[in-house]
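Heads up: the structure comes next, in structure tokens.
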Amino acid sequence: MKHVGIIGYGKMGAAIFKLFAARPYSITVVTKTRQKALDAADGFLKKLERSFKRKSISEQTYSFQKSAIRFTHCLEDLTSADLVIEVAFEDFQVKAAIFHRLESYVDPHALIVTNTSSLSIRELSLGFQYPNRFCGFHFFNPIPLINLVEIIKTDHTAPELIANLRSVSGEIGKFSILVNDAPGSVINSILAYYYIEAVYLLEEGVMLPSEIDRIAKQFFYVGPCESLDIIGIDFFVSASKNAIRAGTIYPIRQYLKDRGNEPEIQVDAGVEIRLPFLLEKLMVTGRWGRKVSKGIYRHEDAFMDEAMRFYQEPGRSSGAEATAERDSLVALRLLYAVFNGCLFSLFHRMASREDIDSGVKEILHMKKGPVAMMKDIGITALEKNFDLLHQRAGKRFAWSGSIRLESILL
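Our numbering numbers the first residue of the sequence shown as 64 and each following residue consecutively.
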């Protein structure tokens, strides 16, 4: 890939640009307006000049980037691009309109990918003249810290496209996994099980956010409450609602009056989960996370809990007092929520065991991946723990009957 086009220069677009700008690519960034293109170019050139004067970059790099990197508001300036990465606003109509125009400008052999994290790749591909050269190329936020990218394929995606994106991923220092199309993305869907279970614990009055995060860090680098505030409550809720559609493996489901509209095979673990009341409350009250200094936590000098009554769903009784048994059950719920998401993804063959294991391990900074952990625990102990959680926490943890765990894991 010699010439990369990037459509969109918001937070994610700018971070993706930095990845490619650090390598010897020609880059054309397309912004929404002419003024935004001028401002972005001015900001980039000033940083480039400072880096050169400080001798942070060589004269060769300075000269190359000054001539090879361009900012524009015109899609037609992508005519010579080999790879175009769309990072526009997360709206189906906005993206579809961009792709409709883009395909009339770029070469038929140019690769086109989208960074969407919540929309269906298959549905986006329907308007393409050449759907075989289109797929998802999903980066995770924060891009500098997470070395993972999902290559999201459909039935039309050409093997050559996948091979090229694997190569590009390596060139920009990212580890790639291959997943099937599912609104919400495969890895994000698995993470949603983890995040939503934590919110359920808050709603139930079991413990405060800081306690949940403390227990979660037995297994994961960062706790779910802290993660949600960093991601942004508004972004998570919007992505969750976008993902509620046919074909999703996202844990949130709509209850359909016509049961015939549901998938032919449905796993109990993917049916019961609703969008938690607390997330809707945070949205309405403008508590969107760290970016506005309050979300699940208050963000002052540190992450600060609110009183327990703030989190509890109306009508619920107070949570149990702190005990070793309570902490043990919470740890089990958080860990097995991640297991749940992995099993549901494997059941629907959304990716290989290896890619799901390495993808979740990378993004949650686990010492050992969840699939490997489940194999170590063993089928008998897994079933016992799922049965316990089914009884104590709800139907979403039910893995029994005709669907056997060994058929999914082994």
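In this text, a Cβ means the ideal position worked out from N, Cα and C, and glycines have one as well.
Which residue marks the beginning of the alpha helix (DSSP H) containing C137, and which one marks its end? Unbroken run through C137: none, as it is neither H nor E.
Per DSSP, cross-strand counterpart(s) of M75: Answer by DSSP bridge pairing: none, since M75 is not bridged.
Indicate the three-state DSSP secondary structure (helix, strand or coil) for L241 in the structure shown. strand
Rounding to the nearest angstrom, what Cα-Cα distance links A456 and F402 in this structure? 15 angstroms
Is I70 helix, strand or coil when you go by DSSP? strand
Nearest to L398 (by Cα), restricted to the options E122, A255 and F410: A255
Terminal residues of the continuous beta strand (DSSP E) containing K110? No beta strand (DSSP E) contains K110, which is instead part of the alpha helix (DSSP H) from R97 to K116.
Going by the DSSP bridge assignment, what does R361 pair with across the sheet? K357 and M367
Could you tell me whether the Cβ atoms of L165 and L141 are closer together than 8 angstroms? yes
How do the segment 340-348 and the segment 242-249 stand: do at least 3 beta-carbon pairs fall below 8 angstroms, yes or no? no
Could you tell me whether the segment 125-145 touches the segment 88-98, where touching means 3 or more Cβ pairs closer than 8 angstroms? yes
With H, G and I counted as helix, E and B as strand and the rest as coil, what does DSSP make of F197? strand
DSSP three-state call for L392: helix, strand or coil? helix
Check whether the segment 258-269 and the segment 369-378 touch, using three or more Cβ-Cβ pairs below 8 angstroms as the test. yes
My output table needs one value for K430: the three-state DSSP class, helix, strand or coil. coil
So the alpha helix (DSSP H) S188 belongs to, where does it begin and stop? I184 to S188
Could you pull the start and end residues of the alpha helix (DSSP H) that I259 belongs to? V249 to E266
Own chain, CB closer than 7 angstroms to I235, minus 5 neighbours either side, in chain order: L82, F83 and R86
Supposed close pair V147, I70 - CB separation, criterion 8 angstroms: 7 angstroms
Going by DSSP in three states, F449 sits in which element: helix, strand or coil? helix
Would you mind sorting F283 into buried or exposed? The rule is 16 or more other CB atoms within 10 Å of its CB. buried
Kindly identify the DSSP beta-bridge partner or partners of A414. V242
Nearest to A144 (by Cα), restricted to the options E153, Q192, L174 and S119: L174
Inter-residue spacing [alpha-carbon to alpha-carbon] between E446 and D102: 57 angstroms
To the nearest angstrom, how far is it from the Cα of I471 to the Cα of E417? 13 angstroms
What is the DSSP secondary structure of V269, reduced to helix, strand or coil? coil
Going by DSSP, what residue range makes up the beta strand (DSSP E) through E149? L146 to E149
Just mark G408 as buried or exposed, buried being the case when its beta carbon has 16 or more other beta carbons within 10 Å. First, the amino acid is wrong: residue 408 is Ser here, not Gly. The residue is buried, with at least 16 neighbouring Cβ atoms inside 10 Å.
Can you list, in chain order, the residues of its chain with a C-beta nearer than 6 angstroms to that of S356? Leave out the 5 residues immediately preceding and following it. H362
Could you check whether the segment 238-246 touches the segment 197-214, counting it as contact only if at least three pairs of C-beta atoms, one from each stretch, sit closer than 8 angstroms? yes
Cβ-based burial, M367 [other Cβ within 10 Å; buried from 16]: exposed
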